[in-house]
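99 is the number of the first residue of the sequence shown in our numbering; add one for each residue after it.
For every residue, glycine included, the Cβ atom is placed at its ideal position computed from N, Cα and C.
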Amino acid sequence: MLPALKVAHGQTPTRTRVVQFGEGGFLRAFVDAMIDAANEKAGMDAGVAVVQPIPRGLVEELRAQDGLYTLILRGRTGGRDVSDARVITCVRACVDPYADFDAFLALARDPDVRFVVSNTTEAGIVYTGRDALDDRPQASFPGKLTRLLYERFTAFGGARDKGLILLPVELIDDNGARLKACVVQTAAQWGLGEAFTRWLEEACIFTSTLVDRIVTGYPRQEAQALCAGLGYEDRLLDAAEPFGQWVIEGPAWLEDELPLRRAGQDVRFTQDVRPYKLRKVRMLNGAHTATALIGYLAGLDTVGECMADAAARRYVERALYEEIMPTLDLPRDELEAFAAAILERFQNPYNRHELLSIALNSQSKLRARVLPTIRAYWTRRGELPRVLTFSVGAFLAFYCGADGAAPGLRADGTAYAPVDDADVLAFFEGLRGLSPLETARAALSNAALWGEDLTAWPGLADAAAQALSDIRTLGARRALDAIAG
99 MLPALKVAHG
109 QTPTRTRVVQ
119 FGEGGFLRAF
129 VDAMIDAANE
139 KAGMDAGVAV
149 VQPIPRGLVE
159 ELRAQDGLYT
169 LILRGRTGGR
179 DVSDARVITC
189 VRACVDPYAD
199 FDAFLALARD
209 PDVRFVVSNT
219 TEAGIVYTGR
229 DALDDRPQAS
239 FPGKLTRLLY
249 ERFTAFGGAR
259 DKGLILLPVE
269 LIDDNGARLK
279 ACVVQTAAQW
289 GLGEAFTRWL
299 EEACIFTSTL
309 VDRIVTGYPR
319 QEAQALCAGL
329 GYEDRLLDAA
339 EPFGQWVIEG
349 PAWLEDELPL
359 RRAGQDVRFT
369 QDVRPYKLRK
379 VRMLNGAHTA
389 TALIGYLAGL
399 DTVGECMADA
409 AARRYVERAL
419 YEEIMPTLDL
429 PRDELEAFAA
439 AILERFQNPY
449 NRHELLSIAL
459 NSQSKLRARV
469 LPTIRAYWTR
479 RGELPRVLTF
489 SVGAFLAFYC
499 GADGAAPGLR
509 ADGTAYAPVD
519 DADVLAFFEG
529 LRGLSPLETA
539 RAALSNAALW
549 GEDLTAWPGL
559 ADAAAQALSD
569 IRTLGARRAL
579 DAIAG
C-alpha cells in the first residue's frame with residue numbers, strides 16, 4: 099500500500115544526485131529527511147541512491163517499499179508537543195554491491211551524481227590495507243568509496259567538474275579529513291597514479307561534518323498502532339526528535355549546491371566545525387553528565403523528570419546559561435538558541451532517557467564533558483563554576499556512596515550499581531569510609547584517571563568535598579535544592 103503514495107506525494111526526484119552509504123534509521127531520519135524537504139521547498143530535485151555498506155542490511159526491504167518510508171518527528175518544539183508524519187520520497191535507487199556490483203559501479207558513471215553521504219559507524223572510516231582493486235566489492239567502506247571514485251575518474255577522463263562532494267556523518271572528529279586520508283592511502287596501495295590523487299585533491303571536497311538529532315528508529319512497541327493511524331503498513335517506519343542540526347565545514351559556495359537552509363533546515367556552513375563540536379559536547383553532553391548523577395541520587399529517574407522538577411530544571415539552566423555558555427566563543431544568540439533547544443529536547447515526552455543510562459562510564463564522561471568547562475570558566479572568570487563543581491561532588495557521591503559507606507544505594511532505598519571500567523570501580527571502592535575531604539583529595543589526585551592531578555586546580559578539591567559533604571549530611575534532595583537556588 100505504501101508505494102502507491104509516491105505519485106500522490108508529488109515530490110519524487112527525477113535524477114540521482116546523492117550516493118548514500120548506509121540505509122539505517124539515522125540517515126533516513128536526518129540526511130534523507132532534509133533532502134526530501136529541499137526537493138519539495140527548494141527545487142533541489144535530488145534523488146538518493148542508497149548503497150548497503152555491509153553484507154546484511156535493509157536494502158531489499160527498502161526496495162520492496164519502492165524506496166518509500168514514513169518518518170515521524172515527535173517531541174517538544176516551540177513550547178508544545180508535536181508528532182508529525184511524512185512519507186520520504188527522495189530514495190530513488192537501492193543498491194546492494196554484494197549482489198550487484200555492476201549496479202554499484204554504474205552510480206559512478208552517472209553525470210548527475212554530485213554528493214556522497216555516509217554513516218558507517220565510528221569503525222567504518224578505517225584504512226585496513228586488505229582491500230584490492232579487483233574485489234567485488236571491497237570489504238571496507240573506504241575501499242568501496244575509492245573504487246567508486248576511481249570508476250568516476252576513469253569514466254569522465256579526470257574531468258574536474260565531475261568531482262564529488264563527500265559528506266560523512268560518522269561520529270568521529272575530523273570525519274572528512276580522516277575519510278580522505280583513507281582514500282588517498284588506498285589509492286596509493288592500489289597504484290592508481292598521481293593523476294587520480296590530484297583529481298581527488300582538486301576536484302573532490304571531503305567535508306567534515308557534525309550532526310545532532312536523536313533518532314529512536316523503528317518504534318517496535320507502537321508500530322502497529324502508528325500504522326493503523328496512518329492507514330497503511332510501513333515496515334521501515336522511522337522515528338526521531340524534531341530538532342536536527344547539521345554543521346558542514348566547507349567552502350561558502352557549497353550552500354548554493356546544497357540548498358537545505360532554503361528549505362528551512364537547520365544547516366550551518368562554516369570554515370571550522372570545531373566550535374560547534376565543542377558547543378555540543380559542553381552544552382548538550384555536559385548538561386547531561388552534570389545532572390544525571392545528582393538527579394538520580396535525589397530520586398529522579400529520567401531526564402524528563404528532571405525537567406519537571408523545579409530545582410533540577412534550575413540546576414540545568416544555571417549550568418547552561420551561567421557556567422557553560424561563558425566558556426564558548428560562538429555568538430551569544432546562537433548559544434542561547436541552542437540552550438533553549440536543549441531544554442525542549444530534555445522535555446521530549448516520547449524519549450524516556452534514563453539517568454542511569456547517562457550515568458554509564460561517568461568517569462570518562464566527566465573528564466571529557468565537564469572538567470574542561472570548569473577549567474575554561476576558571477581561566478576566564480578566576481573562580482570555580484558552582485553547579486559544575488558541585489557535579490564533581492555528586493560524581494564522588496554516586497561512586498563512593500551518598501552516605502560514605504554504602505555505594506549503590508540512594509536515599510529512597512533503591513539499589514543501583516555504577517557501571518564503568520573495572521579498574522575505575524575498584525579504585526573508588528577503595529575510598530569507602532573516608533571523609534569527604536579525604537575522598538575528594540584521593541580521587542582528584544589520581545592522574546591516571548584524569549590525565550593530571552586535579553588537586554592542583556585551586557579550590558577544586560575543597561569545593562567537591564563540600565558538595566559531597568552536603569549530599570551526605572543534607573541528603574541529595576536537599577543538596578540539589580540548595581545548589582539550584
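How many Å lie between residue i and residue j at the Cα?
i    : j    : result
R575 : G397 : 7 Å
R539 : Y448 : 41 Å
L324 : R450 : 18 Å
E527 : L507 : 14 Å
D143 : G165 : 16 Å
D579 : D568 : 11 Å
R478 : G348 : 31 Å
R333 : T537 : 53 Å
G227 : T295 : 17 Å
R178 : P556 : 44 Å
Y475 : K463 : 18 Å
H107 : R473 : No answer about H107 holds up, because its pLDDT of 49 lies below 50 and its placement is not dependable.
E550 : P470 : 12 Å
S238 : F251 : 20 Å
H386 : A438 : 15 Å
R161 : C192 : 6 Å
A515 : L458 : 10 Å
A561 : T487 : 7 Å
A206 : E249 : 6 Å
Under 6 Å Cβ to Cβ from residue i, same chain only, skipping five residues before and after it: list those, please.
i    : result
A127 : L169, V313, D336, A338
V224 : none
L382 : I440
Y394 : L453
A559 : A538, R539, L542, T553
P429 : none
R172 : S181, Y448
D194 : Q150, V157
E353 : F367
Excluding the 5 residues flanking residue i on each side, which residues of the same chain have their C-beta closer than 8 Å to its C-beta?
i    : result
Q564 : G491, P534
V105 : At V105 the pLDDT is 43, less than 50, meaning the model places this residue with poor confidence and gives no usable figure here.
K378 : L308, D310
R258 : W297, E300, A301
E159 : R333, L334
L246 : V117, F202, L203, L205, A206, V214
Counting along the chain, where does the beta strand (DSSP E) carrying residue i start and finish?
i    : result
L566 : No beta strand (DSSP E) contains L566, which is instead part of the alpha helix (DSSP H) from 558-572.
P266 : 263-266
D364 : 364-368
Q345 : Before going further, note that residue 345 is Val rather than Gln in the sequence given. Element bounds for V345: 343-347.
Can you tell me where the alpha helix (DSSP H) with residue i in it begins and where it stops?
i    : result
V490 : 484-498
W548 : 545-548
F525 : 520-527
D272 : Careful: D272 lies outside any alpha helix (DSSP H) and carries neither H nor E.
Which same chain residues end up closer than 7 Å to residue i when comparing Cβ atoms and leaving out the 5 residues on each side of it in sequence?
i    : result
G256 : A293, W297
F587 : Coverage of the chain is limited to positions 99 through 583, which leaves residue 587 absent and any answer about it impossible.
V345 : T307, L308, R366, T368, V371, Y374
I392 : S489, A492, A574, L578
D427 : P373
I'd like the ranges of any alpha helix (DSSP H) spanning at least 4 consecutive residues and lying wholly in the region 164-251.
Fully enclosed alpha helix (DSSP H) runs of 4 or longer: 199-206.
Please give me, in chain order, every unbroken run of the beta strand (DSSP E) with length at least 3 that falls completely inside the region 296-340.
Entirely contained in the region 296-340, the beta strand (DSSP E) runs reaching 3 residues are, in chain order, 306-310, 336-338.
My parser needs the beta strand (DSSP E) runs of 3 or more residues fully inside the region 117-157; what are they?
Runs of the beta strand (DSSP E) lying entirely within the region 117-157 and spanning at least 3 residues, in chain order: 145-149.
Quick check: the region 403-418 against the region 130-144, are at least 3 beta-carbon pairs closer than 8 Å?
No contact exists between the region 130-144 and the region 403-418.
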